[in-house]
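Line by line, the protein sequences give chains A and B.
Read in order, the letters of the first sequence correspond to residues 18 to 180 in this note's numbering.
Read in order, the letters of the second sequence correspond to residues 395 to 813 in this note's numbering.
Reviewing the structure listed below.
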Amino acid sequence: MEQFTGKVWVLGDDIDTDIIIPTEYLALPTVEDMKQYGFSPLRPELAGQIGEGDIIVAGKNFGCGSSREQAPEIIKALKVRCVIAKSYARIFFRNSINNGLLLIENSEIQNVVKEGDMLTVNVGESLVHDGQSYAIRSLPDNLMDILNAGGLVKAMQKKNGVI
Amino acid sequence: MGMTLGEKIIARAAGVSSVKPNDIHTVTLDRMMSNDGTTHLTVDMYHNKLKNPRIADKDKVVFIMDHNVPAENPKTAEAHKKMRNFAKENGIKLYEGQGVCHQIMMEDYVCPGELIFGADSHTTTYGALGAFGTGVGCTDFLYAMTTGTSWVMVPETLRFNLHGQLREGVYARDLILTIIGDIGANGANYKIMEFAGDGASNLSIDERIVLCNLTVEAGAKAGIVEPDEKVVAYCKERGRKAEFMFKSDEDAQFAAVYDYDLSKIEPVVVRPDFVDNFDTLANVSKEKIAIDQAFVGSCNNGRLCDLRAAAEVVKGKKIADTVRFIVAPASNEVYIEALKEGVITTLMEAGAMIMNANCSVCWGSCQGVIGENEVLISTGTRNFKGRSGHPSSKVYMASAATVAASAVAGYITGVESVK
Chain A
18 MEQFTGKVWV LGDDIDTDII IPTEYLALPT VEDMKQYGFS PLRPELAGQI GEGDIIVAGK
78 NFGCGSSREQ APEIIKALKV RCVIAKSYAR IFFRNSINNG LLLIENSEIQ NVVKEGDMLT
138 VNVGESLVHD GQSYAIRSLP DNLMDILNAG GLVKAMQKKN GVI
Chain B
395 MGMTLGEKII ARAAGVSSVK PNDIHTVTLD RMMSNDGTTH LTVDMYHNKL KNPRIADKDK
455 VVFIMDHNVP AENPKTAEAH KKMRNFAKEN GIKLYEGQGV CHQIMMEDYV CPGELIFGAD
515 SHTTTYGALG AFGTGVGCTD FLYAMTTGTS WVMVPETLRF NLHGQLREGV YARDLILTII
575 GDIGANGANY KIMEFAGDGA SNLSIDERIV LCNLTVEAGA KAGIVEPDEK VVAYCKERGR
635 KAEFMFKSDE DAQFAAVYDY DLSKIEPVVV RPDFVDNFDT LANVSKEKIA IDQAFVGSCN
695 NGRLCDLRAA AEVVKGKKIA DTVRFIVAPA SNEVYIEALK EGVITTLMEA GAMIMNANCS
755 VCWGSCQGVI GENEVLISTG TRNFKGRSGH PSSKVYMASA ATVAASAVAG YITGVESVK
């Protein structure tokens, strides 16, 4: 089982894809160019402060809105290790798995964690904060296969060389 | 156990006799649509990431430029060039400047019972003709285009039984915004929203489009109206066959059932910055909220009936001199009809700016972007923070009639107050 510990950034409910990356920056050539504007309508300072291995903790319906795949790509480009939310919008969920971004569903951790806290994740098993453990579920096997391969394209190449 | 309408579509696409919620199936897609919002990214991945790039069936793939059309800066122009060249090289049908992708798909492609992937969240629109349309990102699209297949997890279905008729001056837009306000912005997350009953049959295809298009704003994977003779007629008129007219079985299992009496729906206004921040027009109009811009258009509300409703309100009047009123027909077919009927003339005489058929203000990156602290009332699909311009700007959502009335008054109000 994989385990990691990261610093927490706290966001609210209904974090939409226009907040994760506003439309006006989508024409920039690469995700690397775009990432400095991640979450800018809500937290302009966030993209500059977030660091490698950090964890985003949010409320319900994370990633609602557009099908723009730049949304999970930017979170990955900011080197966020995983997102923990009460629930995810479905297109964002699929796009994240397809891009190898780990998403965890949990509705308890929001009540105890503060921004800047450290949180340990035991993938598929638990979240540990301040000595307390909170159970999490594992994703279905077919999704874990995609995630572990580093995204859909790599998973399919690995599996059968189709594409 | 019986199946729901959506489950039957997935079973057909998976080539199996029955499916149930949470099953994962490999499906063959009937069609795939991608627009200029992300096609350039798909093309890049196609060229750079695949070992054996190929297209399973080019005739099932449609490319539509609608988000930044015509191009407004050199970067967009480059993205368009990439899309245009790829379509040409691979024999993919390309539409450029002919309308918003979902409207084009309705006019030229969608048939009942089909399973369609679109690289755009509002692909749920296709349920207006009894099809299962769902939005995907560009990696899913790439995989679908390359293999002709994808995987889907069978969603649960929410059934909405609609009864009766909408009153005069109340629109399908008011109905779906009410439903989203009731169930919330994730009230149908991962689920199918199925609409049936005499109230659903009473709705025109254009009204059904409004309903299905916005189901994604409640998180739905698909929104589908039970197809009837109006669907058959729509397809026939356009030279298409309505072969797979699925209905939910009597003993189908729904995750929840809702009943709506359409005669009780009121005109609504959704406040910023969340699609479920619902209120009645009666309440909001008391505040006389001043607006800087009004917009009628988008895949949700840019069809002939919407333009007509707006024109009827502004006929013989002038838009308030503090307001920019922007109108973008959903397609050239709509635009030409509106020209023939004199609808465009009426709107222009009142002071509206008419844009070419495209996503326009709703997309928030090419035309009619709003500035710091500005207020927009819109028939667009979303009112997220900064959706149509500066992060401090505000977007209110309402029907075309309410938007037009507000454009005349200069503040958010209903049709009655500008008569």
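We put the beta carbon where it would ideally sit given N, CA and C, even for glycine.
So, for residue i: in the same chain, excluding its five sequence neighbours on each side, which residues have a beta-carbon less than 7 Å away from its beta-carbon?
i                      : result
residue 160 of chain A : 114
residue 152 of chain A : 143
residue 667 of chain B : 777, 778 and 779
residue 808 of chain B : 661, 675, 679, 796 and 799
Output the boundary residues of the alpha helix (DSSP H) element that contains residue i.
i                      : result
residue 594 of chain B : 592 to 596
residue 629 of chain B : 623 to 631
residue 434 of chain B : 433 to 442
residue 45 of chain A  : Here residue 45 of chain A belongs to no alpha helix (DSSP H), and DSSP marks it neither H nor E.
residue 480 of chain B : 468 to 484
residue 64 of chain A  : 63 to 66
residue 403 of chain B : 399 to 408
residue 734 of chain B : 726 to 735
residue 87 of chain A  : 87 to 94
residue 715 of chain B : No alpha helix (DSSP H) holds residue 715 of chain B; DSSP gives it neither H nor E.
residue 796 of chain B : 794 to 803
Near residue i, which residues of its chain fall below 6 Å by C-beta distance, leaving aside the five closest residues on each side in sequence?
i                      : result
residue 602 of chain B : 522 and 619
residue 746 of chain B : 719 and 721
residue 553 of chain B : 588, 648 and 651
residue 481 of chain B : 457 and 488
residue 96 of chain A  : 69
Considering residue i, what are the terminal residues of the beta strand (DSSP E) in which it resides?
i                      : result
residue 119 of chain A : 119 to 122
residue 790 of chain B : 788 to 791
residue 18 of chain A  : That residue, residue 18 of chain A, is in no beta strand (DSSP E); it is neither H nor E in DSSP.
residue 136 of chain A : 135 to 139
residue 557 of chain B : 551 to 557
residue 509 of chain B : 509 to 512
residue 718 of chain B : 718 to 721
residue 772 of chain B : 769 to 772
residue 817 of chain B : It is not possible to answer for residue 817 of chain B, since the shown part of chain B is limited to 395 through 813.
Tell me whether residue i sits in a helix, a strand or coil according to DSSP, three-state version.
i                      : result
residue 583 of chain B : coil
residue 496 of chain B : helix
residue 537 of chain B : helix
residue 108 of chain A : helix
residue 430 of chain B : coil
residue 126 of chain A : helix
residue 154 of chain A : coil
residue 637 of chain B : coil
residue 55 of chain A  : coil
residue 588 of chain B : strand
residue 74 of chain A  : strand
residue 603 of chain B : helix
residue 620 of chain B : coil
residue 516 of chain B : helix
residue 612 of chain B : helix
residue 749 of chain B : coil
residue 490 of chain B : strand
residue 6 of chain A   : Any question about residue 6 of chain A goes unanswered here, given that chain A covers just 18 to 180.
residue 662 of chain B : strand
For a contact defined as C-beta to C-beta under 8 Å, what are the partners of residue i on chain D?
i                      : result
residue 579 of chain B : Here the protein chains are A and B, and chain D is not one of them.
In its own chain, which residues sit with a C-beta less than 8 Å from the C-beta of residue i, not counting the 5 before and 5 after it?
i                      : result
residue 578 of chain B : 612 and 670
Mind the definition here: the region 630 to 646 of chain B touches the region 95 to 103 of chain A only if three or more C-beta pairs lie below 8 Å; say whether that holds. The region 630 to 646 of chain B makes no contact with the region 95 to 103 of chain A: fewer than 3 CB pairs, one atom from each, lie closer than 8 Å.
Interfacial residues, the region 106 to 123 of chain A to chain B, with Cβ spacing under 7 Å: So the list reads 106, 107, 108, 111, 112, 115 and 116, given in the order they occur along the chain.
Output, in sequence order along the chain, the residues in the region 765 to 797 of chain B whose CB is closer than 7 Å to any CB in chain A. Taking 7 Å as the upper bound on Cβ-Cβ separation, chain A lies near residues 776, 778, 779, 780, 781 and 785 of the region 765 to 797 of chain B.
For the region 83 to 94 of chain A, enumerate the residues whose C-beta is nearer than 7 Å to any C-beta of chain B, in chain order. Cβ contacts with chain B: 83, 84, 85 and 86.
May I ask you to list, following chain order, the residues of the region 658 to 672 of chain B that have a beta carbon less than 9 Å from some beta carbon of chain A? Taking a C-beta cut-off of 9 Å against chain A, the contacting residues of the region 658 to 672 of chain B are 667, 668, 669 and 670, listed in chain order.
Taking any Cβ of chain A, which residues in the region 508 to 533 of chain B have a Cβ under 7 Å from it, in chain order? So the list reads 513, 514, 515, 529, 530, 531, 532 and 533, given in the order they occur along the chain.
Beta carbons nearer than 7 Å to chain A: which residues of the region 572 to 604 of chain B have them? Those would be 579, 580, 583 and 584, in chain order.
Which residues, taken in chain order from the region 163 to 177 of chain A, show a beta carbon closer than 9 Å to some beta carbon of chain B? Listed by position along the chain: 168, 169, 170, 171, 173 and 174.
Which residues, in chain order, does the region 480 to 501 of chain B contribute to contact with chain A at a C-beta distance below 9 Å? Flagged: no residues at all.
Using a Cβ-Cβ cut-off of less than 9 Å, give me the residues of the region 58 to 72 of chain A that come near chain B, in sequence order. The residues in question are 58, 59 and 61.
If contact is defined by three or more beta carbon pairs under 8 Å, each pair taking one atom from either stretch, is the region 707 to 716 of chain B in contact with the region 729 to 748 of chain B? Flag = yes, the region 729 to 748 of chain B and the region 707 to 716 of chain B touch.
Could you name the residues of the region 136 to 159 of chain A whose beta carbon sits closer than 9 Å to any beta carbon of chain B, in the order they occur along the chain? Along the region 136 to 159 of chain A, the positions whose C-beta sits under 9 Å from a C-beta of chain B are 157 and 159, read in chain order.
Three CB pairs or more closer than 8 Å across the region 79 to 94 of chain A and the region 35 to 55 of chain A: Counting Cβ pairs under 8 Å, three or more are found: they touch.
Quick check: the region 469 to 488 of chain B against the region 761 to 771 of chain B, are there 3 or more CB pairs under 8 Å? Taking a cut-off of 8 Å on C-beta distances, the region 469 to 488 of chain B does not touch the region 761 to 771 of chain B, as fewer than three cross pairs fall below it.
Just checking, does the region 496 to 505 of chain B make contact with the region 75 to 89 of chain A on the three C-beta pairs under 8 Å criterion? In short, these stretches do not touch, since the Cβ pair count stays below three.
Below 8 Å, how does it come out for the region 477 to 493 of chain B and the region 723 to 743 of chain B: are there three or more Cβ pairs, yes or no? Yes: the two stretches touch, three or more of their Cβ pairs being nearer than 8 Å.
Residues of the region 407 to 434 of chain B with Cβ closer than 8 Å to any Cβ of chain A, in chain order: For the region 407 to 434 of chain B, the set of residues with a beta-carbon nearer than 8 Å to any beta-carbon of chain A comprises 418, 431 and 432, in chain order.
What residues in the region 606 to 621 of chain B bring their beta carbon closer than 7 Å to a beta carbon of chain A? Of all residues in the region 606 to 621 of chain B, 613 and 615 have a Cβ within less than 7 Å of some Cβ in chain A.
Residues in the region 36 to 58 of chain A with C-beta within 8 Å of chain B's C-beta atoms, listed in sequence order? Taken in chain order, the members of the region 36 to 58 of chain A whose beta-carbon sits within less than 8 Å of a beta-carbon on chain B are 36, 39, 40, 41, 43, 44, 45, 46, 57 and 58.
Between the region 581 to 597 of chain B and the region 534 to 553 of chain B, do three or more beta carbon pairs fall short of 8 Å? Output reads yes: the region 534 to 553 of chain B touches the region 581 to 597 of chain B.
For the region 590 to 608 of chain B against the region 512 to 529 of chain B, are there 3 or more C-beta pairs whose distance is under 8 Å? Of all C-beta pairs linking the region 590 to 608 of chain B to the region 512 to 529 of chain B, three or more are shorter than 8 Å, placing the two stretches in contact.
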